[in-house]
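Everything on this sheet refers to the single structure shown next.
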Amino acid sequence: QVYATNGALVAKCISHTSGITCLHSFDANSFITGSSDQTVKYWDIRVHVPVFNLLRHRGIVTDVYGCGAINPNLIISGGTDGVIRGWDIRQLKHLFAFSVGPGSPMAMGMKPDGQAFSVVMSEKVTDSFYDLEKYGNRLSPLMKPLDVPPNVVLSYTLPI
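Quick note on numbering: the sequence shown equals residues 30 to 189 in this note's numbering.
Encoded structure:
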């Protein structure tokens, strides 16, 4: 549910099939959510339904990031599959994916120039907490896990 600053209900946005695990404001009228249903959704509060459904994660989505003021086209997501993904929301296409190791991205941010971003990683979580058996925990054979220690901050230059 989206509320105005005066407490009035503005919108009920319903679409995920499982619990929302992360949310990030994109601009004044839109936001991004990630869920344990392995999806990322881009919402516009004026239409009350997701504008885009991004369906590439093979695990619970643990963080999403996007900032319309820095880059109005880019959304970044990460999850328990240990993969960071980039999406172009204007052209509706997947831009990049890379493995960050066995941990989960817990926080992401972009530098003001829009050319690089940082990822805060957590330690690998247990299957009993996230129930990875239910959603799967498989990496593509093309993605090799990195040997990244837990609780570190990684910094990347965008490949776009």
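The beta carbon of each residue, even a glycine, is placed where N, CA and C say it ideally should be.
In chain order, what residues of the same chain lie with their CB nearer than 6 Å to the CB of asparagine 166, ignoring the 5 residues before and after it?
The count along the sequence shown starts at 1 and reaches residue 166 at position 137. Because the pLDDT of asparagine 166 is 42, which lies under 50, any placement of that residue in the model is unreliable, and the number read from its coordinates should be weighed accordingly. Gly88.
Segment contact flag, the stretch 51-59 with the stretch 80-98, C-beta cutoff 8 Å, min 3 pairs:
Yes, they touch.
Please report how far the alpha carbon of tyrosine 32 lies from the alpha carbon of serine 54, in whole angstroms.
As a working note, residue 32 is residue 3 in the sequence shown. As a working note, residue 54 is residue 25 in the sequence shown. When rounded, the distance between both Cα atoms is 13 Å.
Which residues in the same chain as valine 78 place their Cβ atom closer than 6 Å to its Cβ, once the five residues preceding and following it in sequence are excluded?
Here residue 78 is taken as the residue at index 49 of the sequence shown, counted from 1. Sequence-distant partners of valine 78 (beyond 5 residues in either direction) whose C-beta falls short of 6 Å from its own C-beta are missing from its chain.
Paired residues, beta bridge with phenylalanine 81 - DSSP:
Translated into the one-based positions of the sequence shown, residue 81 becomes position 52. Per DSSP, the beta-bridge partners of phenylalanine 81 are Tyr71.
Tell me whether cysteine 42 sits in a helix, a strand or coil according to DSSP, three-state version.
Here residue 42 is taken as the residue at index 13 of the sequence shown, counted from 1. Of the three classes helix, strand and coil, the one that applies to cysteine 42 here is coil, per DSSP.
Pairwise C-alpha distance: valine 80 and aspartate 73
Counted from its first residue, the sequence shown places residue 73 at position 44. Counted from its first residue, the sequence shown places residue 80 at position 51. When rounded, the separation of the alpha-carbon atoms in aspartate 73 and valine 80 is 7 Å.
Could you have a look at phenylalanine 145 and say whether DSSP puts it in helix, strand or coil?
Numbered from its first residue, the sequence shown carries residue 145 at position 116. The sequence as given places alanine at residue 145; phenylalanine does not occur at that position. In the structure shown, alanine 145 sits in a strand (DSSP, three-state: E or B).
Integer-rounded CB distance, given that threonine 91 should sit under 8 Å from methionine 135:
What you label residue 135 is simply residue 106 of the sequence shown in a count that begins at 1. What you label residue 91 is simply residue 62 of the sequence shown in a count that begins at 1. At roughly 6 Å, the Cβ-Cβ gap stays under 8 Å, so methionine 135 and threonine 91 are in contact.
How would you call valine 69, buried or exposed, if buried means at least 16 neighbouring beta carbons within 10 angstroms?
Indexing the sequence shown from 1 puts residue 69 at position 40. Buried, since its Cβ has 16 or more Cβ neighbours within 10 Å.
Spatially closest choice to alanine 40 from Thr109, Asp117, Asp142, Arg75, by CA coordinates:
Working through the sequence shown from its first residue, we reach residue 40 at position 11. Ranking Thr109, Asp117, Asp142, Arg75 by Cα distance to alanine 40 puts Arg75 first.
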